Structures are given as C-alpha cells and as structure tokens.
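Take a look at the structure below.
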Amino acid sequence: MKTIQAEKTGLRLRLYIAGNAPNSLLAISNLKAICDEHFATGCVLETIDLLVHPGRALADSIIVTPTLVKFYPLPVQKVIGTLSDTNQVCVALGVK
Amino acid sequence: MKINSPYPVVTKVPTGILGFDQITDGGLPRGRTTLVMGGPGCGKTVFALQSLVTGANELKEAGIFVAFEESTRQIVANAATFGWDLPSLVKKKLFFLDAQLSPEVVKAGEFDLVGMLNVLQAKATELDAKWIVFDGIDVLLSLLDDAVAERREIYRIRDWLFQNGLTGIITQKVGGVEQDQRYNFLQFMVDCVVILRHQVVDGTAFRNLRVMKYRGSGFASDEFPISLTTDGMQLTNRGPTEFEYEVTNERISSGLPRLDIMLHGGYYRGSNVLISGAPGTAKSTLAGLFVAAACGRGERTLYVSFDEGGAQIARNLQSVGIKLAPYLESGVLKMYSTRTRGPNIEEQFGLLRAKVRETNPRCLVIDPMSALSTKVSHVASADASQHFLDFLKGEGITVVNTSLEGGFTADEATATGISTIADTWIHVSYIVQDGERNRALTIVKSRGTGHSNQVRELTLSDEGVSLTDVFVAQGKVLMGVARWEWEQEEQATTRRTQVATDLKRLQLHLSQAEAAARLQVVQTEIEARNAEISLLADATGSASKLLRADRAMMRKMRHADEEVRAPKATSTNGGPKTNGDPTTNGGEGAV
Chain A
105 MKTIQAEKTG LRLRLYIAGN APNSLLAISN LKAICDEHFA TGCVLETIDL
155 LVHPGRALAD SIIVTPTLVK FYPLPVQKVI GTLSDTNQVC VALGVK
Chain B
31 MKINSPYPVV TKVPTGILGF DQITDGGLPR GRTTLVMGGP GCGKTVFALQ
81 SLVTGANELK EAGIFVAFEE STRQIVANAA TFGWDLPSLV KKKLFFLDAQ
131 LSPEVVKAGE FDLVGMLNVL QAKATELDAK WIVFDGIDVL LSLLDDAVAE
181 RREIYRIRDW LFQNGLTGII TQKVGGVEQD QRYNFLQFMV DCVVILRHQV
231 VDGTAFRNLR VMKYRGSGFA SDEFPISLTT DGMQLTNRGP TEFEYEVTNE
281 RISSGLPRLD IMLHGGYYRG SNVLISGAPG TAKSTLAGLF VAAACGRGER
331 TLYVSFDEGG AQIARNLQSV GIKLAPYLES GVLKMYSTRT RGPNIEEQFG
381 LLRAKVRETN PRCLVIDPMS ALSTKVSHVA SADASQHFLD FLKGEGITVV
431 NTSLEGGFTA DEATATGIST IADTWIHVSY IVQDGERNRA LTIVKSRGTG
481 HSNQVRELTL SDEGVSLTDV FVAQGKVLMG VARWEWEQEE QATTRRTQVA
531 TDLKRLQLHL SQAEAAARLQ VVQTEIEARN AEISLLADAT GSASKLLRAD
581 RAMMRKMRHA DEEVRAPKAT STNGGPKTNG DPTTNGGEGA V
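Right, here's the structure in full:
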C-alpha cells in the first residue's frame with residue numbers, strides 16, 4: 105500500500121490493482137503522471153492490491169482491475185482501465 | 031496454457047433441467063466450461079441458475095454466481111418464481127457477486143479480470159465451490175471495445191476455471207447466434223456450447239434449445255422445445271427411443287357401467303383414453319363420470335380444463351347427477367383451469383407437467399386436449415401433446431382426454447394427432463333424424479381389450495347418464511323418440527301376439543270341451559237306449575210267461591187231457607204270422 109502525501113486541497117483517491125498485471129502497473133504509472141501534473145499540491149492516494157486483499161474488492165464492489173475511485177470531493181467516481189486516456193481521467197477527477 | 035487436459039475423461043454433472051440431462055447423457059461437463067448463448071429473454075440466466083441450484087440442493091456442492099447484467103437482488107427475486115429459495119441457499123452454499131458496472135463508471139483504458147478472478151478464487155476456496163456462473167459476461171467485455179482484449183479475458187477465465195477445477199457456465203447475449211461473429215471464438219474455445227433461441231411464429235412465442243457442441247461426449251443435436259415453468263426450465267425431448275412403460279392388467283371403471291361392459295371390463299390402468307366428438311356431445315360428462323368413479327375409489331385425481339372454470343364444470347356435471355363437490359372439499363380431486371390464449375403450447379405442457387408433479391395424481395382428465403392442439407402451427411411443437419401423453423404414460427397415470435371436433439365438418443383430424451397414442455378411443459357423435467338430435471357412442475378402438483362394435487345411444491337426464499341399445503329398422507338407426515316409439519310398438523306387437531295366442535288357446539280348449547261334452551251326451555244316450563232295450567226285453571219275457579201260466583191255468587180248469595200241439599195245426603189253417611204263437615190260435619179257438 106503506497107500513499108502519496110499531499111497538502112490539504114483534498115483530493116482523495118484509491119487505486120485497486122492486481123499485483124503485477126500489466127494493466128495494473130500501467131495504471132499506477134499513468135496515475136502518478138496525472139497527479140504530478142495536475143494535483144501536485146494535494147492528493148491522497150491509497151493503492152490496494154487485490155491479490156493480497158481480495159476481501160476489499162467485495163466490500164467496495166470492484167469488478168475489474170485496475171479501478172480508480174475518487175472519494176473526495178463528492179460525488180464518488182469510478183474510473184476503470186489503465187488510465188491511459190488522460191482526458192477521461194481528468195474529467196472524472198474534476199480537473200478544470 | 032496447458033497442453034494436456036487434467037480431465038482426460040469427461041464426467042458429467044446434472045443440471046436438473048428436465049430433458050437436458052437426457053439429451054446430453056448426464057448434464058454438463060464437470061470441471062469444464064459451458065457457454066450458453068442466446069438472445070434476450072431466452073432463459074440463459076435460468077439455465078445457469080437452475081444448474082447452480084441443483085448442484086447446491088442435490089449434490090450439496092457450493093457455487094458462485096457472478097451477475098454482470100442484473101443485480102443479485104433481481105436474480106434472487108426472479109428465482110423465487112421458480113420456487114428456488116435462494117436466500118436460504120446463500121447462507122451456506124451459494125455466493126452471489128454483483129458485478130454490474132454502474133453507468134457512471136468512466137472507462138479510461140484497457141482493464142482485465144485478474145483482480146476479480148483472484149477475489150473469486152479466494153471465495154471459491156472459502157466455500158469449497160464446485161460451480162461458477164458468469165452471467166452476461168458480454169456486458170462487461172463489450173466495454174473493452176477491443177476484440178483481442180475480449181478474447182484475452184475469456185481465455186483468462188477459461189484457464190482460471192481449469193486451474194481451479196470449477197465447472198463453469200458462461201452466458202452470453204447475442205443478437206442472432208449465427209450472425210454474431212464477434213463472439214464466435216467463444217464457441218471454439220469452450221467445451222460445450224448450448225444455444226437458446228426465442229422466436230415468434232404466427233404470434234406464438236417458442237423457446238428452443240440446441241446443444242451445438244460437446245467435447246468428448248455424444249449428444250442429441252436437434253433443436254428441442256423448452257418451457258419455463260414454476261419448476262424451472264424444462265426441455266421436451268422424445269424420451270428414450272424404446273418404450274419402457276410398466277403395463278398392468280388392472281382395469282378401472284369408466285364410471286358408466288354399460289360402457290365398462292362394452293369395453294369388456296373398463297379402461298386399463300395407466301392407459302390413455304380419448305373421447306372425441308362435436309361440441310355438446312357429452313364428452314365432459316363422460317370425463318366427469320370417470321373422475322367421480324376415480325374419486326369414489328379414493329384415487330387422487332386432477333381435472334384440467336381449458337377455457338372453462340372448474341366451478342362451472344362441477345356445476346354442470348351436477349345437473350346430470352355427477353357430484354364432485356365432496357371430492358373437491360376432501361382434496362382428492364383437484365381442478366386446474368387455464369386459458370389457452372396464454373403461453374405457447376410447450377409452455378402450456380410445461381405448466382401441466384409441473385402441475386402433474388405437484389398433485390401427483392393417479393387419474394387425470396384433460397378437457398379438451400384439442401384446445402392445445404388447435405394452437406399448433408409450428409413443426410417443432412406439432413407433437414408436443416404426444417410427448418406430454420407419453421410422459422403421463424411413463425408416470426403410470428390413467429388419462430382421459432377429450433378432443434373437440436369441428437362440429438360441422440366432422441373432421442376427425444384434430445384427434446388423429448392424439449389418437450395414435452391413445453389406447454382407447456371413444457367417439458360420440460350426433461345423429462340428427464326425425465327432427466331430433468341424439469348422441470351416439472361408439473368405441474373406435476381399444477388396445478388390448480375386446481370391445482363392442484355396437485352403436486349405443488347416450489342419454490343424459492337428472493338421474494344420470496345411461497347407454498341404451500339402438501334399433502335398426504328398415505336400414506335406419508332409431509334413436510330418441512323414434513327408438514322410444516319403436517320400443518313401444520314392439521311392446522304392443524308382443525302384447526297383441528300374446529293375446530292372440532291366449533285367445534286361440536281358449537278357443538281350442540272350448541272346442542275340446544265341447545267335443546268332450548258331446549261325447550258325454552252320446553254315451554248317456556247309449557246308456558239310455560241300453561236301458562230301454564233291456565227294459566223292453568224284460569217286459570216281453572214276463573208277458574209271455576204270464577200268458578203261458580194263464581193258459582196252463584185255463585187248461586187245468588178245462589181239464590184238458592193233453593196239450594195241443596198247435597204249430598202244425600195253425601200252419602195248416604193258414605194262420606197269418608202268428609206261427610209259434612199258439613196263444614193266438616188257442617185263444618181264438620178257445621174263445
């Protein structure tokens with residue numbers, strides 16, 4: 105579980121991945137790039153590996169990997185896939 | 031990819047879908063993947079769910095259901111209509127994973143099922159699951175929008191199933207099975223492919239099932255009609271090619287004593303009786319008699335009626351003295367009325383099968399069977415009624431089914447579909463004659479029993495139903511009033527003949543008596559004559575004696591010295607006829 109500490113501007117994200125699956129690894133690096141570019145000031149990211157914590161998927165209704173969940177600010181938004189479509193991710197995360 | 035399959039021999043697990051386990055000789059391949067394809071509303075989910083429920087209930091095997099298309103809440107609710115109590119199964123045997131993607135989910139790149147499969151693996155281990163269903167996988171995979179990626183995920187699932195030794199069912203929605211090239215690879219990939227089809231012919235919906243492929247096993251490759259009943263999915267197959275019915279010599283009453291006599295003892299137990307006839311020929315009444323007799327024996331009976339309510343039938347039968355109400359109250363008789371303008375024929379028979387299983391009757395009436403036959407406009411369903419009767423025969427249920435004929439064409443064709451399988455065929459027809467309409471009953475055939483070839487008149491009255499001999503006079507069959515008149519006439523003739531004979535006998539007696547009397551008179555006369563004769567003789571004798579005595583006395587008084595020998599002297603004298611009568615001469619001479 106990795107956490108990127110950020111300032112209190114308040115974007116809270118959770119990324120569900122499946123170990124070293126190519127799509128998951130791609131998603132991690134894509135998300136990092138997006139955060140670095142757009143949310144350098146503040147972003148809380150929790151990464152959950154379903155191979156390690158399968159129970160979390162059931163609790164959070166995660167069906168595919170990778171899945172990114174934005175908890176804050178509301179509304180809660182899910183983004184699935186490798187996050188390589190930067191535009192889509194930015195829209196989902198509320199980047200202006 | 032593994033090259034050698036870990037399951038060299040295909041073992042099978044039953045699905046609990048009636049008929050399907052027969053055509054596949056045991057069910058689905060254990061530890062392998064089955065693909066169920068079909069358009070919307072074909073019953074893919076039901077197929078998968080029923081297999082899972084059967085596994086949990088019958089084999090005590092746990093299973094996982096991954097729902098991509100519907101919420102698990104909906105699925106549980108739908109399953110309740112088939113009588114499957116999923117909530118109680120969920121507690122120990124079944125796990126439902128809601129895998130619906132909300133429409134708000136944004137897709138930003140390729141994804142995979144690695145995480146989900148890992149989750150499911152953990153769950154499968156926890157439950158010791160043997161089954162897993164991926165219902166509506168296409169919903170998720172279509173999001174990938176990439177044929178290669180879709181294929182990769184399907185392979186991933188298949189390999190995962192392989193490694194975990196799970197029996198998998200993947201359902202896949204397709205517009206038209208043949209046209210949809212997109213998922214054709216699925217058919218090559220999996221071990222067993224089942225195709226469900228839903229079509230509408232002449233306004234009637236039909237569901238069909240076809241096994242397209244089954245690796246390592248033989249299967250019946252035809253398209254079979256299926257129906258969704260309260261017991262779940264059922265498939266109508268022709269059953270085993272060989273007949274394996276148990277036969278019995280037991281006879282049961284038709285409810286009409288005279289008909290039993292005509293059949294030389296009644297219907298055979300477990301046989302199939304067809305009563306055909308035009309509208310109003312008392313087919314239902316004959317069926318009602320059978321029901322009353324069966325209930326009277328205490329046998330559980332089911333009366334299935336179409337387009338007429340059970341209460342109405344009971345009331346109508348009451349009018350001819352057949353009382354079903356007590357049997358309905360005691361529960362020995364169940365009535366099931368349904369409309370023909372409902373589900374398609376396979377569905378109808380599916381419902382009937384379910385009803386038969388539920389009530390488990392010994393005797394069954396279907397009134398009228400033709401209500402279903404007339405709806406048949408599809409080749410695949412043409413012999414559905416035969417299949418149903420075949421099923422009943424297998425269950426050993428005695429069936430009386432009525433068949434309505436076109437009243438005016440007198441076409442027996444509606445019945446022929448059933449008549450080939452019917453063991454006993456009774457035909458009731460109208461004979462219109464002399465301004466009357468009367469019912470004539472004949473036995474067309476009766477397998478294994480002798481039966482009368484005579485036409486009988488069927489009469490209904492408040493007191494009940496009876497069969498009467500009919501008369502044939504001058505080449506005409508006499509029925510109704512004509513028969514009554516004939517009977518009266520015949521009785522009168524008999525009476526007249528009787529009286530005439532009696533009269534003749536009396537007359538003969540009279541003349542005999544007269545002759546005897548005459549004889550008596552004659553005899554009496556003879557006696558009288560005899561008496562006269564003897565009287566005469568006596569009188570004559572005594573007179574001559576007296577005369578002689580007088581003459582002797584006279585001679586004595588005259589002192590005659592000798593008796594004159596008169597005869598010679600008199601003859602010389604020429605005395606006329608008095609020779610031998612000396613008295614006259616002597617008298618004259620003496621006087």
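Chains A and B are the protein sequences, given in the same order.
When the letters of the first sequence are read in order and numbered with the working numbering, they come out as residues 105 to 200.
When the letters of the second sequence are read in order and numbered with the working numbering, they come out as residues 31 to 621.
Where is the CB? At the ideal position from N, CA and C, for every residue including glycine.
These numbers come from a predicted model, not from an experiment.
Taking Leu131 (chain B) as the query, report the chain A residues whose CB atoms sit under 7 Å from its CB, ordered along the chain. Start at 1 with the first residue of the second sequence, and residue 131 (chain B) comes out as number 101. In chain order, Ile167 make up the part of chain A whose C-beta sits under 7 Å from the C-beta of Leu131 (chain B).
At 9 Å on the CB atoms, spell out the chain A contacts of Gly145 (chain B), in chain order. As a first step, residue 145 (chain B) is located in the second sequence; it is residue number 115 there, counting from the start. Chain-order list of chain A residues neighbouring Gly145 (chain B): Tyr120, Ile121, Ala122, Gly123, Ala125, Ser128, Asp153, Leu154, Leu155, Pro158, Ala161, Ile166, Ile167, Val168, Thr169, Pro170 and Thr171, by C-beta distance under 9 Å.
Give me the chain A residues within the contact set of Ala97 (chain B), using Cβ-Cβ distance strictly less than 9 Å, ordered along the chain. Numbered from 1 along the second sequence, position 67 holds the residue referred to as residue 97 (chain B). Ordered by position in chain A, no residue passes the 9 Å Cβ test against Ala97 (chain B), which lies about 10 Å from the chain.
Between Gly185 (chain A) and chain B, is there a C-beta pair that is closer than 8 Å? Residue numbering aside, residue 185 (chain A) sits at position 81 when the first sequence is read from its first letter. So, interface residue.
C-alpha distance - Leu187 (chain A) paired with Glu140 (chain B), whole-angstrom precision: Indexing the first sequence from 1 puts residue 187 (chain A) at position 83. Indexing the second sequence from 1 puts residue 140 (chain B) at position 110. Rounded to whole angstroms, Leu187 (chain A) to Glu140 (chain B) spans 8 Å at the Cα level.
Hey, how far is the Cα of Lys475 (chain B) from the Cα of Val458 (chain B)? Against the second sequence, residue 475 (chain B) aligns to sequence position 445. Against the second sequence, residue 458 (chain B) aligns to sequence position 428. The C-alpha of Lys475 (chain B) lies about 13 Å from the C-alpha of Val458 (chain B).
Answer yes if the stretch 388-400 of chain B comes into contact with the stretch 427-437 of chain B, meaning at least three C-beta pairs across the two stretches below 8 Å, and no otherwise. Yes, the stretch 427-437 of chain B touches the stretch 388-400 of chain B.
Among B:His228, B:Gln542, B:Met219 and B:Ala546, the one whose alpha carbon lies nearest that of Val204 (chain B): In the second sequence, residue 204 (chain B) corresponds to position 174, counting from 1. The shortest Cα separation from Val204 (chain B) among B:His228, B:Gln542, B:Met219 and B:Ala546 belongs to B:His228.
Between the Cα of Thr75 (chain B) and those of B:Phe254, B:Ala323, B:Leu116 and B:Ile199, spot the shortest distance and give me the residue it belongs to. For the purposes of this step, residue 75 (chain B) is taken as the residue at position 45 of the second sequence. When only C-alpha atoms are compared, the closest one is B:Ile199.
Is the stretch 310-327 of chain B touching the stretch 356-366 of chain B, taking contact as three or more C-beta pairs under 8 Å? Segments in contact, yes.
Any Cβ of chain A within less than 8 Å of the Cβ of Asn148 (chain B)? By 1-based counting over the second sequence, the position of residue 148 (chain B) is 118. Yes, contact with chain A.
When burial is assigned at 16 or more other CB atoms within 10 Å of the CB, is Trp190 (chain B) buried or exposed? Here residue 190 (chain B) is taken as the residue at index 160 of the second sequence, counted from 1. Counting C-beta atoms within 10 angstroms of its own C-beta, Trp190 (chain B) has 16 or more neighbours from the protein chains shown and is therefore classed as buried.
Where Arg327 (chain B) falls, given that 16 or more other Cβ within 10 Å makes a residue buried: Taking the second sequence and counting its residues from 1, the one referred to as residue 327 (chain B) is at position 297. So Arg327 (chain B) ends up on the exposed side.
Nearest neighbour of Lys182 (chain A), chosen from A:Asp153, A:Thr190 and A:Leu172 [CA to CA]: Stepping through the first sequence from its first residue, residue 182 (chain A) is reached at position 78. Checked all of A:Asp153, A:Thr190 and A:Leu172; the closest Cα to Lys182 (chain A) is A:Leu172.
Check whether the stretch 295-304 of chain B and the stretch 488-498 of chain B are in contact - that is, three or more C-beta pairs closer than 8 Å. No, because fewer than three Cβ pairs between the stretch 295-304 of chain B and the stretch 488-498 of chain B fall closer than 8 Å, the two stretches do not touch.
Please decide whether Lys182 (chain A) counts as near chain B, where near means a Cβ-Cβ distance under 8 Å. For the purposes of this step, residue 182 (chain A) is taken as the residue at position 78 of the first sequence. True, the Cβ-Cβ gap to chain B drops below 8 Å.
Take Leu197 (chain A) and list the residues in its own chain whose beta-carbon comes closer than 6 Å to its own, dropping the five residues that flank it on each side. As a working mapping, residue 197 (chain A) is identified with position 93 in the first sequence. Cβ neighbours of Leu197 (chain A) within its own chain (closer than 6 Å, five residues either side excluded): Lys174.
Does DSSP put Asp492 (chain B) in a helix, a strand or coil? Along the second sequence, one-based indexing puts residue 492 (chain B) at 462. Three-state DSSP puts Asp492 (chain B) in coil, outside helix and strand.
Can you tell which of B:Thr315, B:Gly351, B:Trp161 and B:Ile556 has the C-alpha that lies nearest to the C-alpha of Thr63 (chain B)? As a working mapping, residue 63 (chain B) is identified with position 33 in the second sequence. For the residues B:Thr315, B:Gly351, B:Trp161 and B:Ile556, the minimum Cα distance to Thr63 (chain B) belongs to B:Trp161.
Use the C-beta contact count for Lys153 (chain B): other C-beta atoms within 10 angstroms, 16 or more gives buried, fewer gives exposed. Your numbering for residue 153 (chain B) matches position 123 in the second sequence. Per the 10 Å Cβ criterion, buried.
Quick check on DSSP: helix, strand or coil for Lys42 (chain B)? For the purposes of this step, residue 42 (chain B) is taken as residue 12 along the second sequence, with counting starting at 1. Here Lys42 (chain B) sits in strand by DSSP.
Only counting the same chain, and skipping five residues up and downstream in sequence, which positions put a Cβ closer than 6 Å to that of Val40 (chain B)? Taking the second sequence and counting its residues from 1, the one referred to as residue 40 (chain B) is at position 10. If we look at Val40 (chain B) and ignore the five residues flanking it on each side, its Cβ neighbours are Pro59, Gly246 and Ser247.
Would Thr84 (chain B) and Gly56 (chain B) be called neighbours here (beta carbons separated by less than 8 Å)? Numbered from 1 along the second sequence, position 54 holds the residue referred to as residue 84 (chain B). Numbered from 1 along the second sequence, position 26 holds the residue referred to as residue 56 (chain B). Cβ distance not < 8 Å, so Thr84 (chain B) and Gly56 (chain B) don't count as in contact.
With the cut-off set at 8 Å, would you say Thr259 (chain B) and Ala414 (chain B) are in Cβ contact? Indexing the second sequence from 1 puts residue 259 (chain B) at position 229. Indexing the second sequence from 1 puts residue 414 (chain B) at position 384. Contact: no.
Check whether chain B comes within 8 Å of Ser133 (chain A), counting only Cβ atoms and requiring the distance to be less than that. Counting from 1 along the first sequence, the entry for residue 133 (chain A) is found at position 29. Output row for Ser133 (chain A): interface = no.
Checking the sheet assignment: what are the DSSP bridge partners for Tyr460 (chain B)? For this step, residue 460 (chain B) is matched to residue 430 along the second sequence. Partner(s): B:Arg469.
Kindly indicate if chain A contains any beta-carbon less than 8 Å away from that of Lys137 (chain B). On the second sequence, position 107 is the one that residue 137 (chain B) refers to. At least one beta carbon of chain A lies nearer than 8 Å to the beta carbon of Lys137 (chain B).
With DSSP run on the structure shown, which of helix, strand or coil describes Leu434 (chain B)? On the second sequence, position 404 is the one that residue 434 (chain B) refers to. In this structure, Leu434 (chain B) counts as strand in the three-state DSSP scheme.
Where Thr197 (chain B) falls, given that 16 or more other Cβ within 10 Å makes a residue buried: Reading the second sequence from its first residue, position 167 is the one you call residue 197 (chain B). Buried, since its Cβ has 16 or more Cβ neighbours within 10 Å.
Could you tell me whether any Cβ in chain B is nearer than 8 Å to the Cβ of Ala196 (chain A)? What you label residue 196 (chain A) is simply residue 92 of the first sequence in a count that begins at 1. Answer yes: the Cβ-Cβ gap between Ala196 (chain A) and chain B drops below 8 Å somewhere.
Would you mind stating whether Thr454 (chain B) and Val334 (chain B) have Cβ atoms separated by less than 8 Å? In the second sequence, counting from the first residue as 1, residue 454 (chain B) sits at position 424. In the second sequence, counting from the first residue as 1, residue 334 (chain B) sits at position 304. One thing to note: Thr454 (chain B) has its Cβ no nearer than 8 Å to the Cβ of Val334 (chain B).
Based on the DSSP output, what are the partners of Trp161 (chain B) in its beta bridges? The residue given as residue 161 (chain B) occupies position 131 in the second sequence. DSSP lists B:Gly93 and B:Thr197 as the beta-bridge partner residues of Trp161 (chain B).
Asp128 (chain B) versus chain A: which residues are under 8 Å apart at the beta carbon? Here residue 128 (chain B) refers to the residue found at position 98 when the second sequence is read from its first residue. Near Asp128 (chain B) (Cβ distances below 8 Å), the residues of chain A are Ser165.
To the nearest angstrom, how far is the alpha carbon of Lys423 (chain B) from that of Val277 (chain B)? For this step, residue 423 (chain B) is matched to residue 393 along the second sequence. For this step, residue 277 (chain B) is matched to residue 247 along the second sequence. If I take the Cα positions, the gap works out to 10 Å.
By how many angstroms is the C-alpha of Gln202 (chain B) removed from the C-alpha of Val135 (chain B)? Position 105 of the second sequence holds residue 135 (chain B). Position 172 of the second sequence holds residue 202 (chain B). If you draw a straight line from the Cα of Val135 (chain B) to the Cα of Gln202 (chain B), it is about 22 Å long.
Reference His294 (chain B), options B:Leu216, B:Gly480 and B:Ser251, closest by Cα: By one-based count along the second sequence, residue 294 (chain B) stands at place 264. Minimum Cα-Cα distance from His294 (chain B) among the listed residues B:Leu216, B:Gly480 and B:Ser251 corresponds to B:Gly480.
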